[in-house]
Amino acid sequence: MTVTTPAPHAARAAGLILSLCFAAALCEGFDIQAAGVSAPGIAREFHAAPGALGWFFSSANLGLLIGAVIGGRLSDRLGRKPVLVASLGLFGLFSLATALASDMQSLTIIRLLTGLGLGGCMPNLIAVAAGARGEAPRGGDIAISYLGMPLGGAVASLVAVLVPSEHWRQVFMIGGVTPLATGAAIFALLPASPGRPQPSPKTAAEAGPSALSELFGGRLVQTVTLWVGVFLGVLTLHLMLNWLPLLLQAQGLSKSQAALSQIGFNVGGAAGALLIGKLMDTDSRKPAIVLNLIALPAVLLLLAAIHGPTAGGLAIVLGGSALALQVVLFAVAGSLYAERVRGTGLGVAVGVGRFGSIVGPALGAVLLASGGNSGQVLVGLFPIALAAGLCATVLAWPRAQTAELATH
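For the sequence shown, the numbering used here assigns the number 1075 to the initial residue and increments by one for each residue that follows.
The structure is reproduced here in C-alpha coordinates:
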(Lines of atoms letter the chains of each structure in order from A and count residues from 1; the text may use other names and numbers.)
(Lines give C-alpha, C1' and ligand atoms only; values in the text may rest on other atoms or scores of the structure.)
Protein backbone atom coordinates (compact mmCIF):
# COMPACT_ATOMS: atom_id res chain seq x y z
CA MET A 1 0.00 0.00 0.00
CA THR A 2 1.29 3.45 -0.94
CA VAL A 3 1.44 5.93 1.90
CA THR A 4 0.52 9.49 0.94
CA THR A 5 2.27 12.31 2.77
CA PRO A 6 -0.27 14.45 4.61
CA ALA A 7 -0.75 17.85 3.02
CA PRO A 8 0.09 19.88 6.18
CA HIS A 9 3.36 17.96 6.60
CA ALA A 10 4.22 18.44 2.93
CA ALA A 11 3.50 22.16 3.21
CA ARG A 12 5.74 22.45 6.28
CA ALA A 13 8.52 20.55 4.52
CA ALA A 14 8.27 22.84 1.48
CA GLY A 15 8.30 25.89 3.75
CA LEU A 16 11.49 24.67 5.42
CA ILE A 17 13.18 24.00 2.07
CA LEU A 18 12.23 27.44 0.73
CA SER A 19 13.36 29.16 3.94
CA LEU A 20 16.78 27.52 3.65
CA CYS A 21 17.01 28.48 -0.04
CA PHE A 22 16.09 32.07 0.84
CA ALA A 23 18.80 32.15 3.52
CA ALA A 24 21.38 30.84 1.04
CA ALA A 25 20.34 33.46 -1.53
CA LEU A 26 20.57 36.16 1.15
CA CYS A 27 24.17 35.14 1.87
CA GLU A 28 25.01 35.10 -1.83
CA GLY A 29 23.49 38.54 -2.44
CA PHE A 30 25.45 39.94 0.50
CA ASP A 31 28.77 38.50 -0.69
CA ILE A 32 28.29 39.61 -4.29
CA GLN A 33 27.62 43.18 -3.14
CA ALA A 34 30.38 43.12 -0.50
CA ALA A 35 33.14 43.85 -3.00
CA GLY A 36 31.44 46.96 -4.36
CA VAL A 37 30.55 48.48 -0.99
CA SER A 38 34.05 47.76 0.35
CA ALA A 39 35.86 49.21 -2.66
CA PRO A 40 36.49 52.71 -1.19
CA GLY A 41 38.22 51.27 1.89
CA ILE A 42 40.21 48.77 -0.17
CA ALA A 43 41.37 51.44 -2.60
CA ARG A 44 42.47 53.69 0.27
CA GLU A 45 44.35 51.01 2.22
CA PHE A 46 46.18 49.46 -0.74
CA HIS A 47 46.43 52.64 -2.87
CA ALA A 48 44.74 50.67 -5.64
CA ALA A 49 44.44 52.16 -9.10
CA PRO A 50 41.09 51.82 -10.94
CA GLY A 51 42.60 49.09 -13.11
CA ALA A 52 43.51 46.98 -10.08
CA LEU A 53 40.02 47.42 -8.65
CA GLY A 54 38.59 46.42 -12.01
CA TRP A 55 40.51 43.13 -11.92
CA PHE A 56 39.31 42.60 -8.35
CA PHE A 57 35.67 42.99 -9.44
CA SER A 58 36.07 40.95 -12.65
CA SER A 59 37.78 38.01 -10.95
CA ALA A 60 34.62 37.25 -8.97
CA ASN A 61 32.53 37.29 -12.14
CA LEU A 62 34.94 34.86 -13.82
CA GLY A 63 34.73 32.57 -10.81
CA LEU A 64 30.94 32.85 -10.80
CA LEU A 65 30.77 31.84 -14.46
CA ILE A 66 32.95 28.76 -13.98
CA GLY A 67 31.34 27.82 -10.67
CA ALA A 68 27.80 28.01 -12.05
CA VAL A 69 28.50 25.59 -14.90
CA ILE A 70 30.52 23.14 -12.79
CA GLY A 71 28.25 23.39 -9.74
CA GLY A 72 25.11 22.83 -11.80
CA ARG A 73 26.55 19.76 -13.50
CA LEU A 74 27.90 18.30 -10.26
CA SER A 75 24.51 18.66 -8.60
CA ASP A 76 22.95 16.43 -11.26
CA ARG A 77 25.58 13.80 -10.54
CA LEU A 78 26.05 14.09 -6.77
CA GLY A 79 22.79 15.65 -5.61
CA ARG A 80 21.65 19.21 -4.90
CA LYS A 81 22.24 19.17 -1.14
CA PRO A 82 25.96 18.27 -0.98
CA VAL A 83 26.87 20.67 -3.79
CA LEU A 84 24.85 23.50 -2.25
CA VAL A 85 26.49 22.95 1.15
CA ALA A 86 29.94 22.76 -0.46
CA SER A 87 29.32 25.97 -2.43
CA LEU A 88 28.26 27.87 0.69
CA GLY A 89 31.28 26.55 2.57
CA LEU A 90 33.61 27.52 -0.26
CA PHE A 91 32.55 31.13 -0.61
CA GLY A 92 32.18 31.50 3.15
CA LEU A 93 35.76 30.39 3.80
CA PHE A 94 37.20 32.51 1.02
CA SER A 95 35.18 35.53 2.13
CA LEU A 96 36.85 35.15 5.53
CA ALA A 97 40.19 34.82 3.73
CA THR A 98 39.44 38.10 1.93
CA ALA A 99 39.38 39.82 5.30
CA LEU A 100 42.97 38.60 5.87
CA ALA A 101 44.39 39.65 2.47
CA SER A 102 47.51 41.81 2.54
CA ASP A 103 47.62 43.23 -1.00
CA MET A 104 45.57 43.62 -4.19
CA GLN A 105 47.08 40.55 -5.84
CA SER A 106 46.01 38.22 -3.05
CA LEU A 107 42.62 39.95 -2.88
CA THR A 108 42.05 39.29 -6.59
CA ILE A 109 43.03 35.61 -6.37
CA ILE A 110 40.88 35.05 -3.28
CA ARG A 111 37.96 36.80 -4.94
CA LEU A 112 38.24 34.47 -7.93
CA LEU A 113 38.01 31.47 -5.61
CA THR A 114 35.10 33.08 -3.75
CA GLY A 115 33.32 33.40 -7.08
CA LEU A 116 33.55 29.64 -7.67
CA GLY A 117 31.45 29.04 -4.57
CA LEU A 118 29.06 31.89 -5.37
CA GLY A 119 28.53 30.50 -8.86
CA GLY A 120 27.84 26.98 -7.64
CA CYS A 121 25.32 28.18 -5.09
CA MET A 122 22.77 29.98 -7.28
CA PRO A 123 21.73 27.26 -9.78
CA ASN A 124 21.47 24.75 -6.95
CA LEU A 125 19.29 26.82 -4.67
CA ILE A 126 16.95 27.56 -7.60
CA ALA A 127 16.87 23.86 -8.53
CA VAL A 128 16.12 22.88 -4.92
CA ALA A 129 13.33 25.47 -4.74
CA ALA A 130 11.94 24.27 -8.07
CA GLY A 131 11.54 20.76 -6.65
CA ALA A 132 10.42 21.80 -3.17
CA ARG A 133 6.89 20.45 -3.62
CA GLY A 134 7.80 17.42 -5.71
CA GLU A 135 5.70 18.65 -8.63
CA ALA A 136 6.00 21.04 -11.56
CA PRO A 137 8.17 24.03 -10.53
CA ARG A 138 6.18 27.01 -9.24
CA GLY A 139 7.06 30.62 -9.98
CA GLY A 140 6.36 31.71 -6.42
CA ASP A 141 8.77 29.15 -4.99
CA ILE A 142 11.54 30.16 -7.37
CA ALA A 143 10.84 33.83 -6.58
CA ILE A 144 11.27 33.17 -2.84
CA SER A 145 14.62 31.52 -3.45
CA TYR A 146 15.75 34.32 -5.76
CA LEU A 147 14.57 37.40 -3.86
CA GLY A 148 17.08 36.76 -1.09
CA MET A 149 19.79 37.99 -3.44
CA PRO A 150 18.63 41.62 -3.79
CA LEU A 151 17.77 41.73 -0.10
CA GLY A 152 21.26 40.45 0.71
CA GLY A 153 22.67 43.22 -1.48
CA ALA A 154 20.57 45.77 0.42
CA VAL A 155 21.86 44.42 3.74
CA ALA A 156 25.44 44.76 2.48
CA SER A 157 24.75 48.37 1.51
CA LEU A 158 23.33 49.08 4.97
CA VAL A 159 26.32 47.45 6.67
CA ALA A 160 28.62 49.62 4.55
CA VAL A 161 26.77 52.71 5.78
CA LEU A 162 27.18 51.63 9.42
CA VAL A 163 30.78 50.38 9.16
CA PRO A 164 33.48 53.01 8.44
CA SER A 165 35.22 52.40 5.11
CA GLU A 166 38.58 51.76 6.81
CA HIS A 167 36.98 48.75 8.55
CA TRP A 168 36.04 47.09 5.25
CA ARG A 169 37.41 43.73 6.48
CA GLN A 170 34.44 43.47 8.85
CA VAL A 171 32.09 43.35 5.86
CA PHE A 172 33.86 40.24 4.53
CA MET A 173 33.94 38.67 7.98
CA ILE A 174 30.16 38.97 8.14
CA GLY A 175 29.98 37.67 4.59
CA GLY A 176 32.06 34.65 5.61
CA VAL A 177 30.42 33.61 8.87
CA THR A 178 26.81 33.74 7.63
CA PRO A 179 27.15 31.31 4.67
CA LEU A 180 29.08 28.87 6.89
CA ALA A 181 26.24 28.95 9.42
CA THR A 182 23.64 28.64 6.66
CA GLY A 183 25.52 25.72 5.09
CA ALA A 184 25.54 23.96 8.47
CA ALA A 185 21.77 24.52 8.80
CA ILE A 186 21.16 23.15 5.30
CA PHE A 187 23.34 20.12 6.03
CA ALA A 188 21.34 19.42 9.19
CA LEU A 189 17.82 20.30 8.05
CA LEU A 190 17.46 20.00 4.28
CA PRO A 191 15.97 16.64 3.25
CA ALA A 192 18.33 14.47 1.25
CA SER A 193 15.74 13.92 -1.48
CA PRO A 194 16.02 17.16 -3.54
CA GLY A 195 18.06 16.22 -6.58
CA ARG A 196 19.32 13.00 -4.97
CA PRO A 197 21.11 10.97 -7.64
CA GLN A 198 19.60 7.67 -8.66
CA PRO A 199 21.64 4.46 -8.84
CA SER A 200 23.89 4.53 -11.88
CA PRO A 201 22.47 2.54 -14.80
CA LYS A 202 24.73 -0.07 -16.37
CA THR A 203 23.96 0.57 -20.01
CA ALA A 204 23.75 3.64 -22.23
CA ALA A 205 20.17 2.73 -23.08
CA GLU A 206 19.24 2.70 -19.40
CA ALA A 207 21.07 5.97 -18.87
CA GLY A 208 18.64 7.79 -21.15
CA PRO A 209 19.45 10.97 -23.06
CA SER A 210 22.68 12.78 -22.23
CA ALA A 211 22.67 16.21 -20.61
CA LEU A 212 23.74 17.72 -23.94
CA SER A 213 20.82 16.18 -25.80
CA GLU A 214 18.44 17.24 -23.01
CA LEU A 215 19.57 20.85 -23.43
CA PHE A 216 19.58 20.90 -27.22
CA GLY A 217 17.75 17.85 -28.55
CA GLY A 218 14.33 19.26 -29.43
CA ARG A 219 15.00 22.26 -27.18
CA LEU A 220 17.60 24.13 -29.22
CA VAL A 221 15.38 27.17 -29.87
CA GLN A 222 14.13 27.32 -26.27
CA THR A 223 17.62 26.94 -24.80
CA VAL A 224 19.14 29.63 -27.03
CA THR A 225 16.18 31.94 -26.36
CA LEU A 226 16.67 31.39 -22.63
CA TRP A 227 20.37 32.19 -22.89
CA VAL A 228 19.74 35.39 -24.87
CA GLY A 229 17.07 36.50 -22.40
CA VAL A 230 19.21 35.79 -19.36
CA PHE A 231 22.26 37.49 -20.90
CA LEU A 232 20.35 40.66 -21.80
CA GLY A 233 18.39 40.72 -18.53
CA VAL A 234 21.49 40.33 -16.36
CA LEU A 235 23.34 42.90 -18.51
CA THR A 236 20.60 45.43 -17.77
CA LEU A 237 20.45 44.52 -14.08
CA HIS A 238 24.18 44.82 -13.47
CA LEU A 239 24.54 48.02 -15.42
CA MET A 240 21.95 49.46 -13.06
CA LEU A 241 23.57 47.95 -9.96
CA ASN A 242 26.91 49.56 -10.84
CA TRP A 243 25.91 52.85 -12.46
CA LEU A 244 22.49 53.76 -11.02
CA PRO A 245 23.81 55.98 -8.18
CA LEU A 246 25.89 58.06 -10.62
CA LEU A 247 23.05 58.19 -13.15
CA LEU A 248 20.64 59.40 -10.47
CA GLN A 249 23.07 62.06 -9.29
CA ALA A 250 23.18 63.28 -12.88
CA GLN A 251 19.37 63.37 -12.74
CA GLY A 252 19.55 65.86 -9.86
CA LEU A 253 19.76 63.71 -6.72
CA SER A 254 22.31 64.24 -3.97
CA LYS A 255 24.87 61.55 -3.16
CA SER A 256 22.94 60.43 -0.07
CA GLN A 257 19.64 60.40 -1.96
CA ALA A 258 21.20 58.29 -4.71
CA ALA A 259 22.57 55.84 -2.12
CA LEU A 260 19.13 55.48 -0.56
CA SER A 261 17.64 54.98 -4.01
CA GLN A 262 20.11 52.15 -4.61
CA ILE A 263 18.82 50.44 -1.47
CA GLY A 264 15.30 51.07 -2.74
CA PHE A 265 16.28 49.45 -6.03
CA ASN A 266 17.22 46.25 -4.17
CA VAL A 267 14.14 46.26 -1.94
CA GLY A 268 11.89 47.01 -4.90
CA GLY A 269 13.61 44.18 -6.74
CA ALA A 270 12.70 41.74 -3.99
CA ALA A 271 9.08 42.91 -3.97
CA GLY A 272 8.81 42.72 -7.75
CA ALA A 273 10.33 39.25 -7.82
CA LEU A 274 7.88 37.94 -5.23
CA LEU A 275 4.87 39.59 -6.90
CA ILE A 276 5.57 38.24 -10.38
CA GLY A 277 6.41 34.80 -9.00
CA LYS A 278 3.11 34.57 -7.13
CA LEU A 279 1.13 35.86 -10.13
CA MET A 280 2.73 33.21 -12.33
CA ASP A 281 1.04 30.56 -10.16
CA THR A 282 -2.48 32.05 -10.52
CA ASP A 283 -5.02 32.66 -13.26
CA SER A 284 -3.32 36.04 -13.73
CA ARG A 285 -0.21 34.46 -15.24
CA LYS A 286 -0.88 35.85 -18.73
CA PRO A 287 -1.37 39.47 -17.57
CA ALA A 288 1.76 38.99 -15.43
CA ILE A 289 3.76 37.96 -18.51
CA VAL A 290 2.51 41.00 -20.44
CA LEU A 291 3.33 43.27 -17.48
CA ASN A 292 6.79 41.74 -17.33
CA LEU A 293 7.28 42.52 -21.03
CA ILE A 294 6.40 46.21 -20.88
CA ALA A 295 7.32 47.29 -17.34
CA LEU A 296 11.13 47.48 -17.54
CA PRO A 297 11.37 49.27 -20.93
CA ALA A 298 8.63 51.72 -19.87
CA VAL A 299 10.32 52.56 -16.55
CA LEU A 300 13.67 53.13 -18.29
CA LEU A 301 12.08 55.66 -20.67
CA LEU A 302 10.21 57.35 -17.83
CA LEU A 303 13.31 57.57 -15.65
CA ALA A 304 15.27 59.09 -18.53
CA ALA A 305 12.75 61.93 -18.77
CA ILE A 306 12.38 62.71 -15.04
CA HIS A 307 14.70 64.64 -12.75
CA GLY A 308 14.78 65.26 -9.00
CA PRO A 309 13.39 63.19 -6.10
CA THR A 310 10.78 61.50 -8.30
CA ALA A 311 13.60 59.81 -10.17
CA GLY A 312 14.77 58.31 -6.89
CA GLY A 313 11.30 56.89 -6.24
CA LEU A 314 11.25 55.35 -9.70
CA ALA A 315 14.40 53.41 -8.78
CA ILE A 316 12.18 51.19 -6.60
CA VAL A 317 9.94 50.37 -9.57
CA LEU A 318 13.01 49.90 -11.77
CA GLY A 319 14.41 47.32 -9.35
CA GLY A 320 11.08 45.51 -9.20
CA SER A 321 10.85 45.37 -13.00
CA ALA A 322 14.44 44.18 -13.46
CA LEU A 323 14.19 41.40 -10.87
CA ALA A 324 10.73 40.33 -12.04
CA LEU A 325 12.25 39.63 -15.45
CA GLN A 326 14.89 37.41 -13.83
CA VAL A 327 12.25 35.42 -11.95
CA VAL A 328 10.20 34.75 -15.09
CA LEU A 329 13.31 33.57 -16.96
CA PHE A 330 14.50 31.29 -14.16
CA ALA A 331 10.98 29.97 -13.54
CA VAL A 332 10.90 28.99 -17.22
CA ALA A 333 14.38 27.47 -16.94
CA GLY A 334 13.27 25.44 -13.93
CA SER A 335 10.40 23.89 -15.90
CA LEU A 336 12.17 23.66 -19.25
CA TYR A 337 14.51 20.83 -18.25
CA ALA A 338 13.84 17.49 -16.63
CA GLU A 339 14.88 17.03 -12.99
CA ARG A 340 17.83 14.82 -13.95
CA VAL A 341 19.54 17.67 -15.84
CA ARG A 342 17.91 20.69 -14.21
CA GLY A 343 21.09 21.62 -12.37
CA THR A 344 23.07 21.57 -15.60
CA GLY A 345 20.47 23.62 -17.46
CA LEU A 346 20.26 26.22 -14.71
CA GLY A 347 24.03 26.25 -14.21
CA VAL A 348 24.74 26.99 -17.87
CA ALA A 349 22.01 29.67 -17.92
CA VAL A 350 23.51 31.31 -14.82
CA GLY A 351 26.96 31.08 -16.44
CA VAL A 352 25.68 32.82 -19.58
CA GLY A 353 24.19 35.47 -17.31
CA ARG A 354 27.63 36.13 -15.82
CA PHE A 355 28.76 37.33 -19.26
CA GLY A 356 25.96 39.87 -18.99
CA SER A 357 27.18 40.95 -15.56
CA ILE A 358 30.60 41.64 -17.10
CA VAL A 359 29.33 43.36 -20.26
CA GLY A 360 26.70 45.51 -18.50
CA PRO A 361 28.99 47.72 -16.38
CA ALA A 362 31.45 47.97 -19.28
CA LEU A 363 28.64 49.07 -21.62
CA GLY A 364 27.63 51.79 -19.16
CA ALA A 365 31.22 53.05 -19.11
CA VAL A 366 31.37 53.06 -22.92
CA LEU A 367 28.09 54.95 -23.26
CA LEU A 368 29.16 57.60 -20.74
CA ALA A 369 32.69 57.87 -22.15
CA SER A 370 31.29 58.45 -25.63
CA GLY A 371 29.57 61.60 -24.39
CA GLY A 372 26.16 60.23 -23.50
CA ASN A 373 24.32 61.70 -20.54
CA SER A 374 22.33 59.72 -17.98
CA GLY A 375 19.12 59.97 -19.98
CA GLN A 376 20.80 58.67 -23.12
CA VAL A 377 22.26 55.72 -21.24
CA LEU A 378 18.79 54.80 -19.94
CA VAL A 379 17.24 55.17 -23.40
CA GLY A 380 20.08 53.07 -24.81
CA LEU A 381 19.02 50.25 -22.49
CA PHE A 382 15.44 50.33 -23.82
CA PRO A 383 15.91 47.94 -26.80
CA ILE A 384 18.03 45.59 -24.67
CA ALA A 385 15.38 45.38 -21.94
CA LEU A 386 12.63 44.98 -24.54
CA ALA A 387 14.49 42.12 -26.25
CA ALA A 388 15.02 40.37 -22.88
CA GLY A 389 11.30 40.72 -22.12
CA LEU A 390 10.39 39.30 -25.52
CA CYS A 391 12.58 36.25 -24.85
CA ALA A 392 10.84 35.70 -21.51
CA THR A 393 7.42 36.11 -23.14
CA VAL A 394 8.18 33.66 -25.96
CA LEU A 395 9.24 31.05 -23.40
CA ALA A 396 6.60 31.67 -20.72
CA TRP A 397 3.47 32.18 -22.83
CA PRO A 398 3.09 28.57 -24.10
CA ARG A 399 3.52 27.27 -20.53
CA ALA A 400 0.91 29.74 -19.29
CA GLN A 401 -1.44 28.50 -22.03
CA THR A 402 -0.87 24.88 -20.99
CA ALA A 403 -1.39 25.70 -17.30
CA GLU A 404 -4.60 27.57 -18.11
CA LEU A 405 -5.99 24.63 -20.09
CA ALA A 406 -5.08 22.24 -17.28
CA THR A 407 -7.17 24.20 -14.77
CA HIS A 408 -10.31 24.21 -16.92
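By construction, the Cβ of each residue, glycine as well, lies at the ideal position given by its N, Cα and C atoms. Here the structure is a predicted model, which is why all the values come from computation and not from measurement.
Quiz prompt | Whole-number beta carbon distance between Gly1326 and Ala1385, since they are thought to touch under 8 Å | solution = In this structure Ala1385 touches Gly1326 by the C-beta definition: roughly 7 Å separates them, less than 8 Å.
Quiz item: Out of Asp1357, Ala1378, Thr1356, Leu1392, which has the shortest C-alpha to C-alpha gap to Ala1369?
Solution: Leu1392
Quiz item: Going straight from the alpha carbon of Met1354 to that of Ala1258, what length do you get?
Solution: 32 Å
Practice problem: Taking only the alpha-carbon atoms, compute the straight-line gap between Leu1311 and Phe1168 and give it to the nearest angstrom. | Solution: 26 Å
Quiz item: Buried or exposed: where does Arg1147 fall if 16 or more other Cβ atoms within 10 Å of its Cβ makes it buried?
Solution: Arg1147 should be labelled buried.
Practice problem: Quick one: using the 10 Å Cβ neighbour count with 16 as the cut-off for buried, is Glu1102 buried or exposed? | Solution: buried
Exercise. Would you kindly check if the distance between the Cβ of Leu1162 and the Cβ of Gly1191 is under 9 Å?
Key: yes
Quiz item: What's the call for Pro1457, buried or exposed, on a 16-neighbour Cβ count within 10 Å?
Solution: Its Cβ having fewer than 16 others within 10 Å, Pro1457 is exposed.
Quiz item: Going along the chain, which unbroken runs of the alpha helix (DSSP H) with 4 or more residues stay wholly within the stretch 1382-1411?
Solution: 1383-1410
Practice problem: Would you mind giving the Cβ-Cβ distance between Val1451 and Leu1442, rounded to the nearest angstrom? I have them listed as a contact below 8 Å. | Solution: 6 Å
Exercise. Tell me whether Arg1086 sits in a helix, a strand or coil according to DSSP, three-state version.
Key: helix
Quiz item: Could you give the distance in angstroms between the alpha-carbon of Leu1152 and the alpha-carbon of Gly1205?
Solution: 16 Å
Self-check item: Cβ-Cβ distance between Phe1404 and Ile1218 below 9 Å
Solution: no
Quiz item: What whole-angstrom Cβ distance do Asp1105 and Pro1253 have, given they're in contact under 8 Å?
Solution: Taking a contact as a CB-CB distance under 8 Å, the pair Asp1105 and Pro1253 counts as one, their CB atoms being some 7 Å apart.
Quiz item: According to the neighbour-count rule (16 or more other Cβ atoms, all chains shown, within 10 Å of its Cβ), is Lys1329 buried or exposed?
Solution: exposed
Self-check item: As assigned by DSSP and simplified to three states, the class of Asn1447
Solution: DSSP places Asn1447 in coil when its eight states are reduced to three.
Quiz item: Can you tell me the Cα-Cα spacing of Ile1390 and Gly1346, whole angstroms?
Solution: 9 Å
Practice problem: Have a look at Leu1092 and Gly1351 and give me their C-alpha separation to the nearest angstrom. | Solution: 14 Å
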